[in-house]
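Counting in this note's numbering, the sequence shown runs from 1 upward without gaps.
For reference, the structure discussed in these notes is given below.
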Amino acid sequence: MFLVRTTDILGDMLKLILLLSPVYVTLFWSITLHTNRVKGSEPKFFLGRFMGIACLLFFSHMLYFLPLPGLYHYADPFYHLLSLLVYPIYYVYIRLLTVDRVFDWKKHGVYFLPALLLFLLYLAGVLLMTKDEHLDYLYRLLLSGEKLRGIFLYQKSVYLTCRVVFIIQGLVYIWLSIRLVAANKKNVQNYYANTSADNLDKIYWLNISLFVTIVFGIILSLIGKENFVSDEKSLILPSVIFSVTLFVIGWLGNIQRAVLTESGDQFQDPVIERIEEEYEPDRLEDIRKKIKLLFDEGKIFLNKDLTIWEVARVLGTNRTYVSSVINNDFKQNFSSFVNSYRVKHAKMLQGNNPDISKQDLAEMSGFGSQVSMKRAFDNLL
Numbered sequence: 001m002f003l004v005r006t007t008d009i010l011g012d013m014l015k016l017i018l019l020l021s022p023v024y025v026t027l028f029w030s031i032t033l034h035t036n037r038v039k040g041s042e043p044k045f046f047l048g049r050f051m052g053i054a055c056l057l058f059f060s061h062m063l064y065f066l067p068l069p070g071l072y073h074y075a076d077p078f079y080h081l082l083s084l085l086v087y088p089i090y091y092v093y094i095r096l097l098t099v100d101r102v103f104d105w106k107k108h109g110v111y112f113l114p115a116l117l118l119f120l121l122y123l124a125g126v127l128l129m130t131k132d133e134h135l136d137y138l139y140r141l142l143l144s145g146e147k148l149r150g151i152f153l154y155q156k157s158v159y160l161t162c163r164v165v166f167i168i169q170g171l172v173y174i175w176l177s178i179r180l181v182a183a184n185k186k187n188v189q190n191y192y193a194n195t196s197a198d199n200l201d202k203i204y205w206l207n208i209s210l211f212v213t214i215v216f217g218i219i220l221s222l223i224g225k226e227n228f229v230s231d232e233k234s235l236i237l238p239s240v241i242f243s244v245t246l247f248v249i250g251w252l253g254n255i256q257r258a259v260l261t262e263s264g265d266q267f268q269d270p271v272i273e274r275i276e277e278e279y280e281p282d283r284l285e286d287i288r289k290k291i292k293l294l295f296d297e298g299k300i301f302l303n304k305d306l307t308i309w310e311v312a313r314v315l316g317t318n319r320t321y322v323s324s325v326i327n328n329d330f331k332q333n334f335s336s337f338v339n340s341y342r343v344k345h346a347k348m349l350q351g352n353n354p355d356i357s358k359q360d361l362a363e364m365s366g367f368g369s370q371v372s373m374k375r376a377f378d379n380l381l
């Protein structure tokens with residue numbers, strides 16, 4: 001009897017640890033990211049909101065599994081709302097990292113509409129049940145396979161719709177995030193000289209971590225959380241996966257900075273750009289000569305914060321013309337074009353002073369860091 005009781009206690013402790021693990025991870029990052037808000041850290045602050053939503057989601061998840069039915073009765077509608085909000089909120093976070101400067105309800109609120117609509121439909125079903133009916137539905141009818149009627153059939157239909165939408169959201173938003181990051185990387189290399197590839201790579205790792213989270217989320221959604229109630233050991237794998245991936249997302253997000261490409265005339269109509277190029281070839285040729293002069297003699301590439309807009313400003317033209325010339329005439333993006341000059345300059349400095357340190361060489365050649373310089377040298381090999 002004592003052995004059985006001890007085994008039960010250890011089993012309960014294991015279940016509690018597994019259920020609390022993702023709660024602690026998301027709570028930690030939510031507090032860290034929310035208390036680290038400074039100018040330019042809007043993406044971090046918004047990721048803190050994502051972690052806060054995830055924390056509440058896993059907390060309600062814990063109420064279901066402990067089980068604490070009296071409390072979960074009130075949390076159940078919000079559990080479904082939170083589960084349908086996590087992916088749209090994460091996508092908005094990626095947008096804030098890449099193309100949007102601030103969160104705007106008018107612009108981004110549309111992503112949350114499916115979650116809010118299904119929440120209201122689910123909440124209506126809960127309110128039409130008594131507390132005992134709702135708990136009987138959650139802990140017995142969903143598992144029994146009985147044929148449901150009336151309000152119970154309605155509630156299960158909304159529940160299944162929530163699961164389907166959750167799966168669709170996961171697939172759609174990871175696809176959108178991957179596309180956005182890929183397009184952003186291409187744009188950044190066309191507009192900035194020091195592209196900080198390490199910073200761009202962190203966004204890829206954020207997406208990879210999210211992809212793992214989504215895959216397991218979809219698998220668990222297909223299985224249904226109610227099928228994990230009877231065996232606490234079945235919670236080990238999802239608990240470990242979610243805790244690790246969410247910790248990685250929080251850590252990467254905390255050291256990640258925005259890589260925005262929105263500036264100046266970047267979003268000029270492509271039709272207008274094409275007309276300008278076709279009807280003003282002499283102007284493009286003139287700009288090509290001025291760019292060569294600016295880089296060969298003006299050595300503008302020594303400015304480590306150089307952007308294509310700065311080059312356009314010095315030349316008295318716009319980004320469209322400069323980008324067109326560099327892409328079409330020199331067959332390079334802006335970053336590789338500028339760095340080719342920096343590499344030549346660095347080689348000249350090193351030839352004149354073989355003992356120069358790598359840090360001094362990077363700074364005197366216009367690179368943002370030794371890492372950027374090494375990457376530029378490697379790319380030109």
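In this text, a Cβ means the ideal position worked out from N, Cα and C, and glycines have one as well.
Note to self: Can you give me the C-alpha to C-alpha distance between S263 and L18, rounded to a whole angstrom?
What the structure shows: Walking along the sequence shown from the start, residue 263 turns up at place 263. Walking along the sequence shown from the start, residue 18 turns up at place 18. Here the model assigns S263 a pLDDT of 43, short of 50, so the residue's position is not dependable, and the following value carries that caveat. Computed Cα separation, rounded: 46 Å.
Check: Of the residues K304, Y24, I255, which one's Cα is nearest the Cα of I53?
Finding: Translated into positions along the sequence shown, residue 53 becomes position 53. Closest by alpha carbon: Y24.
Note to self: Just to confirm the assignment: which complete beta strand (DSSP E) runs, minimum length 3, are found wholly within the segment 288-323?
What the structure shows: none
Checklist line | Inter-stretch contact (C-beta, 8 Å, three-pair minimum) for the segment 128-139 and the segment 82-102 | finding: With the cut-off at 8 Å, the segment 128-139 and the segment 82-102 do not touch.
Check: Going by alpha carbons, who is nearest to R342 out of Y321, S357, N303?
Finding: Position 342 of the sequence shown, counted from the start, is the residue given in the question as residue 342. Cα-wise, what sits closest to R342 is N303.
Notebook entry, point to check: Given that a residue counts as buried once 16 or more other Cβ atoms are within 10 Å of its Cβ, and exposed if not, what is Q155?
Noted result: In the sequence shown, counting from the first residue as 1, residue 155 sits at position 155. Result: buried.
Notebook entry, point to check: To the nearest angstrom, how far is it from the Cα of N227 to the Cα of V172?
Noted result: Locating residue 227 in the sequence shown gives position 227, where the first residue counts as 1. Locating residue 172 in the sequence shown gives position 172, where the first residue counts as 1. So the alpha carbons of these two residues sit roughly 26 Å apart.
Note to self: For I223, count the other beta carbons within 10 Å of its own beta carbon; 16 or more makes it buried, fewer makes it exposed. Which is it?
What the structure shows: Residue 223 sits at position 223 when you count from the first residue of the sequence shown. So I223 ends up on the exposed side.
Check: Got a sec, what are the start and stop residues for the alpha helix (DSSP H) N352 sits in?
Finding: Here residue 352 is taken as the residue at index 352 of the sequence shown, counted from 1. Here the alpha helix (DSSP H) through N352 covers 334-352.
Next item on the list: Have a look at V314 and G298 and give me their C-alpha separation to the nearest angstrom.
Entry: Sequence index remark: in the sequence shown, residue 314 carries index 314 (1-based). Sequence index remark: in the sequence shown, residue 298 carries index 298 (1-based). Distance between the alpha carbons of V314 and G298: 11 Å.
Item checked: L96, DSSP secondary structure in three states -> Position 96 of the sequence shown holds residue 96. Three-state result, L96: helix.
Note to self: Am I right that Q370 and A376 are in contact with their C-beta atoms under 8 Å? What's the rounded C-beta distance?
What the structure shows: Here residue 370 is taken as the residue at index 370 of the sequence shown, counted from 1. Here residue 376 is taken as the residue at index 376 of the sequence shown, counted from 1. Wrong, their Cβ atoms sit about 11 Å apart, outside the cutoff.
Notebook entry, point to check: Do you know offhand how far I326's Cα is from F295's?
Noted result: As a first step, residue 326 must be located in the sequence shown, where it is residue number 326. As a first step, residue 295 must be located in the sequence shown, where it is residue number 295. Taking the straight line joining both Cα atoms gives about 12 Å.
Notebook entry, point to check: When you compare only the Cα positions, how much space is there between K44 and W105?
Noted result: Looking up residue 44 in the sequence shown gives position 44. Looking up residue 105 in the sequence shown gives position 105. Each residue's alpha carbon lies about 18 Å from the other.
Margin query: Distance check for K292 and Y87, CA to CA, integer angstroms please.
Written below: Residue numbering aside, residue 87 sits at position 87 when the sequence shown is read from its first letter. Residue numbering aside, residue 292 sits at position 292 when the sequence shown is read from its first letter. When rounded, the distance between both Cα atoms is 47 Å.
Next item on the list: Return the chain-ordered list of same chain residues with a C-beta closer than 6 Å to the C-beta of V212, the five sequence neighbours on each side being excluded.
Entry: Here residue 212 is taken as the residue at index 212 of the sequence shown, counted from 1. Excluding sequence positions up to five before and after V212, its CB lies within less than 6 Å of the CB of T245, all in the same chain and listed in chain order.
Check: Hey, how far is the Cα of W251 from the Cα of T26?
Finding: In the sequence shown, counting from the first residue as 1, residue 251 sits at position 251. In the sequence shown, counting from the first residue as 1, residue 26 sits at position 26. In a straight line, the C-alpha of W251 is about 11 Å away from that of T26.
Next item on the list: Express the C-alpha separation of L57 and Y79 in angstroms, rounding to a whole number.
Entry: As a position in the sequence shown, residue 79 is number 79, starting the count at 1. As a position in the sequence shown, residue 57 is number 57, starting the count at 1. Spanning the two alpha carbons is a distance of roughly 6 Å.
Check: Three-state secondary structure (DSSP) at F103?
Finding: Mapped onto the sequence shown, residue 103 falls at position 103. F103: coil per DSSP, three-state reduction.
Checklist line | With 16 other Cβ atoms within 10 Å as the buried cut-off, status of V240 | finding: Locating residue 240 in the sequence shown gives position 240, where the first residue counts as 1. The residue in question, V240, is exposed, as its Cβ has fewer than 16 Cβ neighbours within 10 Å.
Notebook entry, point to check: D132 by DSSP, collapsed to three states: which one?
Noted result: In the sequence shown, the residue the question calls residue 132 occupies position 132. Here D132 sits in helix by DSSP.
Item checked: Span of the alpha helix (DSSP H), counted from its first residue to its last, around V244 -> Numbered from 1 along the sequence shown, position 244 holds the residue referred to as residue 244. From DSSP, the alpha helix (DSSP H) with V244 extends over 236-255.
Notebook entry, point to check: Roughly how many whole angstroms lie between the Cα atoms of G253 and L206?
Noted result: Against the sequence shown, residue 253 aligns to sequence position 253. Against the sequence shown, residue 206 aligns to sequence position 206. So the two alpha carbons sit approximately 8 Å from each other.
Check: Considering only residues of the same chain and omitting the five flanking positions on each side of G109, which have a CB-CB separation below 8 Å?
Finding: For the purposes of this step, residue 109 is taken as the residue at position 109 of the sequence shown. Correct list: empty, nothing qualifies.
Margin query: Could you give the first and the last residue of the continuous alpha helix (DSSP H) run that contains S60?
Written below: Looking up residue 60 in the sequence shown gives position 60. First-last of the alpha helix (DSSP H) with S60: 42-65.
Next item on the list: Identify, in the order they occur along the chain, each residue of the same chain with its Cβ nearer than 6 Å to the Cβ of K358, setting aside the five sequence neighbours on each side.
Entry: Numbered from 1 along the sequence shown, position 358 holds the residue referred to as residue 358. Q370, listed in sequence order.
Check: Going by the beta-carbon positions, is the gap between F242 and F216 smaller than 8 Å?
Finding: Indexing the sequence shown from 1 puts residue 242 at position 242. Indexing the sequence shown from 1 puts residue 216 at position 216. Yes, the Cβ-Cβ distance between F242 and F216 is below 8 Å.
Next item on the list: Could you give the DSSP three-state label for G366: helix, strand or coil?
Entry: Residue mapping note: residue 366 aligns to position 366 of the sequence shown, counting from 1. Reduced to three states, the DSSP call for G366 is coil.
Next item on the list: Classify G170 as helix, strand or coil using the three-state DSSP reduction.
Entry: Taking the first residue of the sequence shown as 1, we reach residue 170 at position 170. The answer is helix: DSSP assigns G170 an H, G or I state.
Next item on the list: For the alpha helix (DSSP H) holding G125, just list the boundary residues, first then last.
Entry: In the sequence shown, the residue the question calls residue 125 occupies position 125. Per DSSP, G125 belongs to the alpha helix (DSSP H) from 113-127.
Item checked: Own chain partners of K289 with C-beta closer than 8 Å, once the 5 adjacent residues on each side are dropped -> Taking the first residue of the sequence shown as 1, we reach residue 289 at position 289. There are no such residues.
Next item on the list: For I219, count neighbouring Cβ atoms within 10 angstroms of its own Cβ and tell me buried if that reaches 16, exposed if not.
Entry: Within the sequence shown, the letter at position 219 stands for residue 219. Flag for I219 reads exposed.
Margin query: Suppose contacts are defined by Cβ-Cβ distances below 8 Å. Is M364 in contact with L349 by that definition?
Written below: What you label residue 364 is simply residue 364 of the sequence shown in a count that begins at 1. What you label residue 349 is simply residue 349 of the sequence shown in a count that begins at 1. Taking 8 Å as the Cβ cut-off, M364 and L349 qualify as a contacting pair.
Next item on the list: Consult DSSP for T26 and reduce its assignment to one of helix, strand or coil.
Entry: Along the sequence shown, read from residue 1 onward, the residue named residue 26 stands at position 26. DSSP places T26 in helix when its eight states are reduced to three.
Note to self: Can you list, in chain order, the residues of its chain with a C-beta nearer than 7 Å to that of H34? Leave out the 5 residues immediately preceding and following it.
What the structure shows: The sequence position of residue 34 within the sequence shown is 34, counting from 1. Contacts found: F45, G48.
Notebook entry, point to check: How would you call G70, buried or exposed, if buried means at least 16 neighbouring beta carbons within 10 angstroms?
Noted result: For the purposes of this step, residue 70 is identified with residue 70 of the sequence shown, where counting begins at 1. It is exposed - the Cβ of G70 has fewer than 16 other Cβ atoms within 10 Å.
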